[in-house]
Amino acid sequence: MRTTLDIPEDLLTEARELLGFKSKTDTIVLALRELVRRQKIEDLKSMFGGTKLDMDLGKSRRRPQ
225 MRTTLDIPED LLTEARELLG FKSKTDTIVL ALRELVRRQK IEDLKSMFGG
275 TKLDMDLGKS RRRPQ
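Below you can see the structure in the form of structure tokens.
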């Protein structure tokens, strides 16, 4: 999809050089993917300890003989 954006040239250049890309598009795509990945991780972290399981751990750990 083609989109026109007003991105600070120095920021884009620095990101491109740090990532070792020649393409501005590759730089922006990777940055967006990383942003989405990090947000998903944060969403998962916020759920940690928030789910209540109704189960007997001791019973579930016993092996039938």
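All letters in the sequence shown, in the order written, are residues 225 to 289 by this note's numbering. C-beta atoms are modelled at their ideal positions from N, C-alpha and C, and glycine is treated no differently. Please read these numbers as outputs of a predicted model, since none were measured by experiment.
*Helix, strand or coil for Met271 per DSSP?*
As a first step, residue 271 must be located in the sequence shown, where it is residue number 47. Residue state, collapsed to three classes: helix.
*asked:* Relative to the C-alpha of Leu254, which candidate in Asp267, Lys269, Leu236, Ile265 has its C-alpha closest?
replied: On the sequence shown, position 30 is the one that residue 254 refers to. Out of Asp267, Lys269, Leu236, Ile265, Leu236 has the C-alpha closest to the C-alpha of Leu254.
*Measure how close the beta-carbons of Thr251 and Leu259 come, nearest whole angstrom, since I'm counting them as under 8 Å.*
As a position in the sequence shown, residue 251 is number 27, starting the count at 1. As a position in the sequence shown, residue 259 is number 35, starting the count at 1. With a Cβ gap of about 13 Å, Thr251 and Leu259 do not count as contacting.
*Starting from Leu229, follow the alpha helix (DSSP H) in both directions and report where the run begins and ends.*
Here residue 229 refers to the residue found at position 5 when the sequence shown is read from its first residue. Careful: Leu229 lies outside any alpha helix (DSSP H) and carries neither H nor E.
*Check whether the Cβ of Ser247 lies closer than 8 Å to any Cβ atom in chain B.*
In the displayed structure, chain B is absent; only one protein chain is listed.
*C-alpha gap between Ser270 and Arg257, whole angstroms*: Numbered from 1 along the sequence shown, position 46 holds the residue referred to as residue 270. Numbered from 1 along the sequence shown, position 33 holds the residue referred to as residue 257. C-alpha separation (whole angstroms): 20 Å.
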